Structures are given as structure tokens and as C-alpha cells.
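What follows is a single structure, written as C-alpha cells, with notes after it.
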Amino acid sequence: MTTSMTTTTAGHSAVSADLYLRVQHFYAHQMQHLDSGRFEEYAATFTEDGEFQHSPGVEPARTRPGIVRELVGFHERFDNDPVQRRHWFNHIALELQEDGTVSSTAYALVVNVRPGGKPEITRSCVVHDTVVDGPEGILLKSRRVTHDEG
Amino acid sequence: MTTSMTTTTAGHSAVSADLYLRVQHFYAHQMQHLDSGRFEEYAATFTEDGEFQHSPGVEPARTRPGIVRELVGFHERFDNDPVQRRHWFNHIALELQEDGTVSSTAYALVVNVRPGGKPEITRSCVVHDTVVDGPEGILLKSRRVTHDEG
Amino acid sequence: MTTSMTTTTAGHSAVSADLYLRVQHFYAHQMQHLDSGRFEEYAATFTEDGEFQHSPGVEPARTRPGIVRELVGFHERFDNDPVQRRHWFNHIALELQEDGTVSSTAYALVVNVRPGGKPEITRSCVVHDTVVDGPEGILLKSRRVTHDEG
Chain P
40 MTTSMTTTTA
50 GHSAVSADLY
60 LRVQHFYAHQ
70 MQHLDSGRFE
80 EYAATFTEDG
90 EFQHSPGVEP
100 ARTRPGIVRE
110 LVGFHERFDN
120 DPVQRRHWFN
130 HIALELQEDG
140 TVSSTAYALV
150 VNVRPGGKPE
160 ITRSCVVHDT
170 VVDGPEGILL
180 KSRRVTHDEG
Chain D
40 MTTSMTTTTA
50 GHSAVSADLY
60 LRVQHFYAHQ
70 MQHLDSGRFE
80 EYAATFTEDG
90 EFQHSPGVEP
100 ARTRPGIVRE
110 LVGFHERFDN
120 DPVQRRHWFN
130 HIALELQEDG
140 TVSSTAYALV
150 VNVRPGGKPE
160 ITRSCVVHDT
170 VVDGPEGILL
180 KSRRVTHDEG
Chain Z
40 MTTSMTTTTA
50 GHSAVSADLY
60 LRVQHFYAHQ
70 MQHLDSGRFE
80 EYAATFTEDG
90 EFQHSPGVEP
100 ARTRPGIVRE
110 LVGFHERFDN
120 DPVQRRHWFN
130 HIALELQEDG
140 TVSSTAYALV
150 VNVRPGGKPE
160 ITRSCVVHDT
170 VVDGPEGILL
180 KSRRVTHDEG
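Protein chains in written order, with this note's numbering: chain P, 40 to 189; chain D, 40 to 189; chain Z, 40 to 189.
Right under this line is the structure:
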């Protein structure tokens, strides 16, 4: 399966079907970690020197401990807010880069739900990841999130 | 392809890429059946002794005829309501269980649309399935749905 | 991997797991083209004689230049509207047809975001595609979109 190539629309570098599937599954576990508050597990989906910029204009968090600190700090503002946040992904598009990494561009929606309330879409984003596929499996070298509302 | 393993983030049991893809496709057909009111076809996606609990706190429906009855009863309340319901899934995360079954945990949103109206997200859920992959292909041994709004 | 078959729920023709994955990836690139206003690239995802009907009751656009013209015309109405539109897909269900083409039926949501605003779901649709898998890779022979709000 690893030799099977995904021929995408003209102009896109091909990545294997196997890698595409494993990236999808990686995201499923990764984002369930994040939305369940398992920040250590989320940070472990990055490389040791990984960078995570969750909003435009903020300094990226760096290294796994740095990513955990950023997430703990970010979520402190919701300490008294029983919100359940869900990050949805769609249209994951991969392209092989010349340096052997894979760029991944995906749509994301942030859905918030509070007890007794209706789900609310609070944000539409695009996730820009640099994916590496090494001995530990798939990891993110970097994640940068842009916001559609500008 | 069946020997290809999906290496997920540390701590997750690996399932084959092939199985992951077939579960995705299974869900696509299954939920199109449900949203089109094809309750017999939906019930046929469960094992003979399958269990389906669509809401917390209600008694699960059991066996295929039992699941059909539950769905018919549930939808009677919408007999005079021309709502089109769509169940969306995201971040399907599989883990191999010790008994050979596969647990599947996925996000779900319920989208309602009425004639001339705008789509409305009425519910954010998590679907907890026990998947078996036998001679008939993929079937659900059980489905339990939890609701984010508590 | 091309010999691996996806066994779906009873009554569905099987398509290969590889094709299912490549269709998913095709859609990811295709819809990112559309939402980024790359209409030439979007039109290039159709066969030379491809047909695209984006709304019920309108005459389908035909051929790649015809599809580009239709999209340019459609988007002129938003020339002074800085809306970012995102088309989300879900539950892509494929079935092999007797003529060798593949029918693809998928859910779609249209999400609109304006600067400083909240994302709004404006439409719930079903996409009905005829997919061909030839020497150029995956292309659409036709796309017809139905709207849930009637």
C-alpha cells in the first residue's frame, strides 16, 4: 500500500494513499485529545521542537512543554465556563514538499456547546500543518491556524 | 493492504488502514440510510443482536426489528413536520479491543433543515460504536450516543 | 491496494478502498480551489465535456470553459461582499455503475464568514457526482447539487 500513489488534480505532488489515511486518523485522535483537555497527549503529537500557533498574530508555542503551557494558559479563561468545544476538520489536502515533509491544509470549524444549550459555530479556520512521518509515526513539525473572519 | 497498520499517536492500538477506510464508507452509507428514512437498511447495519441507544438515559433498542420499531416510533413525532435531518460525522477514531472488536469514537452533529429555512445545528454528540468485521462485512454490535449539551 | 474491495452494507456495489481514498483527496483539493476562487483549477477537475449544475432548476454549465464562465458570473454578485465561503463535505458514498463510472453521493454544507463576523451555515445540500477514474486521474463527468431547503 505504501507504493500506491494518490494522483490528485494536476499540479499537486502525489502522496501515498496510506499516508493520507494515517493523517486522517492521526487528526481524529489528536483533536479528540485537545477537546477532552488531554493537553499532554495533544502536545505529544508534535515533534520535540514542534511549533503551534493557534491564532494569527500570537507568538507560536514551541516544544512539547511549551505547547502544554500555552494550552493550560489559554483554557484558564474558561475555568468557570462549562463549555464543551469541538474542533471539526474537513477537506484535508496533502502535498509532498521538496524537503520530504508533507504540507497539510484543512478546513476547521470550532463548535461550542454549553449545558442545556444549542451548538454554536464560533469560528471558521484553515489549519496549515507541516507533517513528518518518522519512526514514531506521524507528528506535526508545525501548526499554524488562520481565521476566516479576518 | 490488510496487513498495513495505522500507527496512531502513542498509546493507541493500531488498526489497519483498510479497516479505517471501510468504517468511513460504512458510516457514509449507514447515515444516508437513516437520514433518508430507510430504517430497515439502517437496522441491517447492526448485528442480529445489536444494541442502539440514540439518547442517554433511554433503554437501548435491541435486535434489528427492535431498532426499526424504535426509529419508527421516534419519527412519528415528526409526521407533520417536513424536516430534513442530516447527521454529520467527524474525527472517527478507532481502537482495537482485546476481544477482537473495534471501538469507534466519532463526533456527530445533527443538522435540521425545513422547507425555505436555514440549516440549524440542533445537537452536538459523540458516537460510541463497537464495530465487528465479519463475513458480512462491517456491522455494529452496539451504538451509544452521548450529548454534549449534557 | 487496488485489488482491495470495500464491502459496504448489503446491496451496495463494492469499490476499491484506494478509489474511495483518492476521491476524498480529490474533493479536498477541488473544493479548496473553488473556495479560493481558483475557478480554472476547479473546472479542470471535470472532464472536457463535464456538466456542472450547482443549483436545482438552473441549466447545467457544460465544458470546462463553460464552467468557468458560470462561476465567474455567479461570483460577480459578491464583488463588493468580502464573504469567505467554505463548502464542507461529509458521508461520501460511492457506488460502481454498470457503465464503469462511479456515482458519488455526499452531504454538503455551505459556510459563510464575513470579516469580524461569525460563521453562518447558509445551505445544506446533497452532491450527486459521476466520477471517472482515467489516465488523468479522477475527474467529474457531472455534478448535480440538490438543496435540502427545497
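Note that CB positions come from ideal geometry on N, CA and C, so glycine has one too. Owing to the predicted nature of the structure, the values given are computational and were not obtained by experimental measurement.
Boundaries (first-last residue) of the alpha helix (DSSP H) holding residue 187 of chain P:
Element bounds for residue 187 of chain P: n/a, residue is neither H nor E.
Per DSSP, residue 172 of chain Z forms a beta bridge with which residues?
Z:177
Please confirm whether residue 67 of chain Z and residue 64 of chain P have their CB atoms less than 8 Å apart.
no
Whole-angstrom distance between residue 58 of chain P and residue 40 of chain Z, CA atom to CA atom:
Residue placement at residue 40 of chain Z cannot be trusted, given a pLDDT of 32 that sits under 50; what the coordinates show is reported in the next sentence. Spanning the two alpha carbons is a distance of roughly 13 Å.
Give me the chain D residues within the contact set of residue 152 of chain P, using Cβ-Cβ distance strictly less than 8 Å, ordered along the chain.
163, 187, 188
Assuming residue 110 of chain P and residue 78 of chain P are in contact, meaning their beta carbons sit under 8 Å apart, how far apart are those beta carbons, in whole angstroms?
So it is a contact: roughly 4 Å between Cβ atoms.
For residue 89 of chain Z, count the other beta carbons within 10 Å of its own beta carbon; 16 or more makes it buried, fewer makes it exposed. Which is it?
By the neighbour-count rule (16 or more Cβ atoms within 10 Å), residue 89 of chain Z is buried.
At which residues does the alpha helix (DSSP H) containing residue 77 of chain D begin and terminate?
Looking at the DSSP string, residue 77 of chain D is not in any alpha helix (DSSP H), and its letter there is neither H nor E.
Expressed to the nearest angstrom, what Euclidean distance is found between the alpha-carbon atoms of residue 154 of chain D and residue 167 of chain Z?
Taking the straight line joining both Cα atoms gives about 20 Å.
In chain order, what residues of the same chain lie with their CB nearer than 7 Å to the CB of residue 126 of chain Z, ignoring the 5 residues before and after it?
So the list reads 70, 73, 74, 147, 149, once near-sequence residues are dropped.
Are three or more beta carbon pairs between the stretch 91 to 101 of chain P and the stretch 156 to 175 of chain D nearer than 8 Å?
No: the two stretches stay apart, fewer than three of their Cβ pairs being nearer than 8 Å.
For residue 80 of chain P and residue 152 of chain Z, which I take to be in contact (beta-carbon distance under 8 Å), what is that distance rounded to the nearest angstrom?
So it is not a contact: roughly 30 Å between Cβ atoms.
How big is the Cα-Cα spacing for residue 62 of chain D and residue 143 of chain Z?
In a straight line, the C-alpha of residue 62 of chain D is about 17 Å away from that of residue 143 of chain Z.
When the Cα of residue 108 of chain P is compared with those of P:120, P:121, P:82, which residue comes out closest?
P:82
In the structure shown, what three-state DSSP assignment does residue 117 of chain Z receive?
When DSSP states are grouped into helix, strand and coil, residue 117 of chain Z belongs to the coil group.
So the candidates are Z:76, Z:104, Z:136; which of them puts its Cα closest to the Cα of residue 121 of chain Z?
Z:76
For residue 113 of chain P, I'd like the list of residues in its chain whose CB is within less than 8 Å of its CB, leaving aside the five on either flank, ordered along the chain.
93
Can residue 178 of chain P and residue 60 of chain D be called in contact, C-beta distance under 8 Å?
no
Beta carbon of residue 165 of chain P, beta carbon of residue 54 of chain P: below 8 Å?
no
CB contact below 8 Å: residue 144 of chain P versus chain Z
Residue 144 of chain P has a beta carbon lying within less than 8 Å of a beta carbon in chain Z.
Note down the Cα distance separating residue 184 of chain P from residue 104 of chain P, rounded to an integer number of angstroms.
Roughly 20 Å separates the two Cα atoms.
Chain D residues whose Cβ lies nearer than 8 Å to that of residue 67 of chain Z:
What residue 67 of chain Z touches in chain D: nothing, since even the nearest Cβ is about 14 Å away.
Could you spell out where the beta strand (DSSP E) holding residue 144 of chain Z opens and where it closes?
Counting along the chain, the unbroken beta strand (DSSP E) around residue 144 of chain Z starts and ends at 141 to 152.
Three-state secondary structure assigned by DSSP to residue 123 of chain D
strand
Could you spell out the range, first to last residue, of the beta strand (DSSP E) harbouring residue 87 of chain P?
85 to 92
DSSP on residue 137 of chain D, reduced to helix/strand/coil?
DSSP places residue 137 of chain D in coil when its eight states are reduced to three.
How big is the Cα-Cα spacing for residue 199 of chain P and residue 157 of chain D?
With chain P covering 40 to 189 only, the question about residue 199 of chain P has no answer from this structure.
Sequence-distant residues of its chain with Cβ nearer than 8 Å to residue 145 of chain P (five each side left out)
Excluding positions up to five away in sequence, the list reads 66, 128, 129, 130, 131, 132, 165, 166, 168.
Could one say the Cβ of residue 126 of chain D lies closer than 8 Å to chain P's Cβ atoms, at least one of them?
no
For residue 136 of chain P and residue 181 of chain P, what's the separation of their Cα atoms in angstroms?
14 Å
Helix, strand or coil for residue 44 of chain Z, going by three-state DSSP, please let me know.
For residue 44 of chain Z, the predicted structure reports a pLDDT of 42, less than 50, and the residue's modelled location is therefore unreliable. The matter cannot be settled from this model.
Please find out if some non-hydrogen atom of the ligand FAD comes closer than 7 Å to the beta-carbon of residue 179 of chain Z.
The ligand FAD is absent from the structure shown, which contains no ligands of any kind.
With a threshold of 6 Å on Cβ separation, who are the neighbours of residue 162 of chain P within its own chain once the five nearest residues in sequence on each side are excluded?
149
Could you check what DSSP says for residue 97 of chain Z in three-state terms: helix, strand or coil?
coil
For the candidate residues P:160, P:138, P:186, P:159, whose alpha-carbon lies nearest to that of residue 170 of chain P?
Selection P:160, P:138, P:186, P:159 evaluated against residue 170 of chain P yields P:138 as nearest (Cα-Cα).
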